[in-house]
Amino acid sequence: MTNRQHLTGAQAVIAALRANNVDTIFGIPGVHTLPIYDAIYNEPGIRHILARHEQGAGFMAEGYARATGRPGVVCTITGPGVTNITTPAASAYADSIPLLIISSSQSRATQGHARGELHEIKDQLGLMESLVGWTRSVNYVEEISEALHDAFRVMQQGRPRGAYIQIPCDLLNQEADVDITIPGPFERPLPSIESLAAAVEILREAERPFIVAGAGVTTANANQQLLQLAELLQAPVLLGSKSHDVLPTNHPLVLATNDNLPLDLDAFIATRDAVLVVGSKLGAERTADRRLPLPERMIHIDIDPTEIGHNYRTQVGIVSDAKVALDALYKFLKEYPHERTAPYGALDDLREALYLHTVAFQGENFTMLEGVQSALAQLPADTMVVADMTMLGYAAAQHLTVRQPRTFIHPAELCTIGSGLPLAIGAQVALPGRAVIALCGDGGFLLNSSELATAAQEKLPVIVVIFNDATFTRVKTDQQRNYSGHYIATDLLAPDYVALARAFHAEAVRVTTPEELSQAIQSATRHAGPTVIEAPLLPRQWHNKRSVEQSVTTLA
Numbered sequence: 001m002t003n004r005q006h007l008t009g010a011q012a013v014i015a016a017l018r019a020n021n022v023d024t025i026f027g028i029p030g031v032h033t034l035p036i037y038d039a040i041y042n043e044p045g046i047r048h049i050l051a052r053h054e055q056g057a058g059f060m061a062e063g064y065a066r067a068t069g070r071p072g073v074v075c076t077i078t079g080p081g082v083t084n085i086t087t088p089a090a091s092a093y094a095d096s097i098p099l100l101i102i103s104s105s106q107s108r109a110t111q112g113h114a115r116g117e118l119h120e121i122k123d124q125l126g127l128m129e130s131l132v133g134w135t136r137s138v139n140y141v142e143e144i145s146e147a148l149h150d151a152f153r154v155m156q157q158g159r160p161r162g163a164y165i166q167i168p169c170d171l172l173n174q175e176a177d178v179d180i181t182i183p184g185p186f187e188r189p190l191p192s193i194e195s196l197a198a199a200v201e202i203l204r205e206a207e208r209p210f211i212v213a214g215a216g217v218t219t220a221n222a223n224q225q226l227l228q229l230a231e232l233l234q235a236p237v238l239l240g241s242k243s244h245d246v247l248p249t250n251h252p253l254v255l256a257t258n259d260n261l262p263l264d265l266d267a268f269i270a271t272r273d274a275v276l277v278v279g280s281k282l283g284a285e286r287t288a289d290r291r292l293p294l295p296e297r298m299i300h301i302d303i304d305p306t307e308i309g310h311n312y313r314t315q316v317g318i319v320s321d322a323k324v325a326l327d328a329l330y331k332f333l334k335e336y337p338h339e340r341t342a343p344y345g346a347l348d349d350l351r352e353a354l355y356l357h358t359v360a361f362q363g364e365n366f367t368m369l370e371g372v373q374s375a376l377a378q379l380p381a382d383t384m385v386v387a388d389m390t391m392l393g394y395a396a397a398q399h400l401t402v403r404q405p406r407t408f409i410h411p412a413e414l415c416t417i418g419s420g421l422p423l424a425i426g427a428q429v430a431l432p433g434r435a436v437i438a439l440c441g442d443g444g445f446l447l448n449s450s451e452l453a454t455a456a457q458e459k460l461p462v463i464v465v466i467f468n469d470a471t472f473t474r475v476k477t478d479q480q481r482n483y484s485g486h487y488i489a490t491d492l493l494a495p496d497y498v499a500l501a502r503a504f505h506a507e508a509v510r511v512t513t514p515e516e517l518s519q520a521i522q523s524a525t526r527h528a529g530p531t532v533i534e535a536p537l538l539p540r541q542w543h544n545k546r547s548v549e550q551s552v553t554t555l556a
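The sequence shown begins at 1 in our numbering and counts up one residue at a time.
Take a look at the structure:
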């Protein structure tokens with residue numbers, strides 16, 4: 001269905017976005033995109049969130065998408081705006097997030113002539129083609145609506161990844177009769193009867209089945225279907241850093257892990273006689289570089305056929321929407337009751353081993369994460385946590401209890417330090433009235449600390465916890481272990497984070513104990529704007545080869 005209107009190119013962009021139920025755009029205006037902003041000004045149904053850096057705007061749109069499951073939209077200018085947004089584009093590709101990037105480009109008359117025009121770069125479209133799943137450059141106003149419709153279709157019909165559309169800046173002011181496409185429901189692939197039958201056969205015969213659940217389960221809204229199948233099979237479910245919130249982590253069948261996997265997990269998996277993989281590509285980070293001994297009798301459900309059998313040999317591949325496939329498997333298997341008992345004792349032992357492994361890796365500062373855990377126990381189940389790339393963020397991806405889908409964000413594959421605050425801002429925009437907590441390291445926070453101004457201007461009650469040890473700890477740990485303690489470029493001169501936050505019109509407090517941290521988080525949920533909580537960490541002992549040799553000589 002279409003609706004014909006006489007519009008400028010910029011008006012066509014906004015009309016097409018509204019037709020696709022977009023209510024929020026993140027971005028920073030520039031001279032090339034002012035026509036789009038003028039169209040936003042005249043569209044009361046769209047809220048614009050002004051970021052302080054295009055990377056921040058991209059991560060905000062990504063956070064919005066992760067929180068809602070709907071495409072997040074970001075608008076940026078030609079050239080530097082596009083290059084600044086490449087990191088969120090790559091993140092969306094790595095984690096299968098529906099992120100739509102709309103950009104201006106050079107006018108049609110100057111494209112390809114290398115005249116040194118304002119914001120000119122060599123190959124803007126080619127740059128984005130290497131980072132996202134779908135790209136389009138339009139040449140006529142009449143193309144804009146259909147191009148945007150295609151972008152939304154691709155992001156919602158198959159595996160969601162970033163989409164990019166660029167519009168020559170001269171088109172934004174040109175007028176034409178435009179057919180605004182009104183989208184209907186997008187159909188997702190359904191499983192074949194043959195693949196379902198083969199999967200049912202394996203699961204019927206299995207005595208000790210096991211499930212690996214990826215974030216694709218949540219993308220398909222298949223969380224309840226997965227849980228009922230796991231309970232029917234009495235099958236343990238392995239969650240990872242990116243799928244930490246697929247099922248309640250306190251469920252007796254759930255094993256929550258991060259990407260630092262102990263050998264105890266290998267031993268447990270080796271006892272399983274069949275595995276069902278759902279919505280996971282079984283990537284190197286998830287499987288300790290394919291070290292995990294997954295059973296040969298493997299069923300792999302994924303909406304992307306290229307991922308089935310790519311990293312592990314698969315006996316049965318099911319290309320399908322996960323919700324439909326899991327529901328079908330449950331209904332078939334329910335007809336063939338099979339008495340099984342989950343290895344609850346072994347699962348308890350494994351959880352203890354995972355916990356001790358994490359505590360040993362984190363050291364004494366792990367107790368600060370207990371303060372976050374304590375606060376979450378007192379907050380509603382829909383409280384969202386965003387874990388940045390920091391030591392306690394990695395631990396959170398295994399240790400924190402989550403109770404609902406879409407309440408934990410940890411983009412651990414691209415592993416972009418500094419993404420936590422803007423991701424949390426985007427999630428907070430999407431989820432007004434809910435608590436959103438960003439767990440940041442001091443180094444990562446400084447990468448996008450200017451986005452506190454966005455949170456303050458929009459009066460967003462996002463809570464930022466800064467774990468401060470004035471060090472890039474994960475990198476320095478590698479220098480200690482693998483480079484003889486040759487420490488370089490990993491120590492930071494820490495600013496006064498409380499004063500910095502207050503300069504951005506945010507509330508701020510410094511805490512020193514897990515109990516104080518818990519109370520500060522709970523108090524911050526009652527504040528109408530952003531709150532920064534600085535939690536200084538205990539200093540680590542950093543030895544190098546030379547200091548160890550000197551100590552040995554002294555003792556001798």
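Quick reminder that beta carbons are idealized off the backbone N, C-alpha and C, glycines included.
Note that the structure is a prediction, hence the values are computed from the model and not measured.
Would a C-beta distance cut-off of 8 Å place P80 and H119 closer than the cut-off? yes
Residue nearest to Y394 in terms of C-alpha spacing, selected from Q378, C415, T383 and A375: C415
Whole-angstrom distance between D321 and Y140, CA atom to CA atom: 35 Å
Would you give the residue range spanned by the beta strand (DSSP E) that N4 belongs to? In the sequence on display, residue 4 carries Arg and not Asn. That run of the beta strand (DSSP E) goes T2 to T8.
Residue(s) in a DSSP beta bridge with L255: L238
Secondary structure at F186, three-state DSSP: helix, strand or coil? coil
Does the distance from the CB of T525 to the CB of L379 come in under 8 Å? yes
Considering only residues of the same chain and omitting the five flanking positions on each side of P539, which have a CB-CB separation below 8 Å? D469
How many angstroms separate the CA atom of F467 from the CA atom of R510? 10 Å
T473 to T490, Cα distance in whole Å? 7 Å
Would you mind reading off the limits of the beta strand (DSSP E) that contains I318? V316 to V319
Contact between the segment 229-237 and the segment 201-214 is defined here as three or more beta-carbon pairs at a separation below 8 Å; is this criterion met? yes
In whole angstroms, what separates the C-alpha of H251 from that of R403? 9 Å
Option nearest K122 by Cα separation, candidates Q111, P98 and S374: Q111
Which ranges would you report for the beta strand (DSSP E) in the segment 23-103 if only whole runs of at least 3 residues count? 24-27, 47-50 and 72-76
Please work out which residues of its chain come closer than 8 Å, Cβ to Cβ, to D23, disregarding the five sequence neighbours upstream and downstream, and give them in chain order. G45, I46 and R47
Rounded separation between A57 and A274 - CA only: 43 Å
Out of curiosity, what's the CA-to-CA distance linking A92 and R502? 32 Å
Would you say S518 lies against chain B (beta-carbon separation less than 8 Å)? Absent here is chain B; the protein component of the structure consists of one chain.
K334: buried (16+ other C-beta within 10 angstroms of its C-beta) or exposed? exposed
First through last residue of the alpha helix (DSSP H) which encompasses A499: Y497 to A503
Could you please give the first and the last residue of the uninterrupted alpha helix (DSSP H) stretch that includes E143? No alpha helix (DSSP H) contains E143, which DSSP labels as neither H nor E.
Is the CB-CB distance between I417 and G444 below 8 Å? yes
Tell me whether P514 sits in a helix, a strand or coil according to DSSP, three-state version. helix
Alpha carbon to alpha carbon, what distance is there between A424 and V532? 13 Å
Which residues in the same chain as G371 place their Cβ atom closer than 6 Å to its Cβ, once the five residues preceding and following it in sequence are excluded? P514, L517 and S518
For the beta strand (DSSP E) that contains Y330, what are its first and last residues? Element bounds for Y330: not the beta strand (DSSP E) but the alpha helix (DSSP H), A322 to K334.
Between the alpha carbons of T287 and A39, how many angstroms are there, rounded? 47 Å
Which residue's Cα is closest to the Cα of I318: E194, L400, A353 and E231? E194
If you reduce the DSSP assignment to three classes, tell me which class G529 lands in. coil
Helix, strand or coil for H300 per DSSP? strand
Output the residue ranges of the alpha helix (DSSP H) runs that lie fully inside the segment 386-442 and measure 4 residues or longer, sorted by chain position. 391-399 and 420-430
Excluding the 5 residues preceding and the 5 following G283 in the sequence, name in chain order all residues of the same chain whose CB lies nearer than 8 Å to its CB. N311 and E413
Where L292 falls: helix, strand or coil (DSSP): coil
Decide if A528 is buried, meaning its Cβ has at least 16 other Cβ atoms within 10 Å, or exposed. exposed
Three-state class that DSSP yields for N468 in the structure shown: strand
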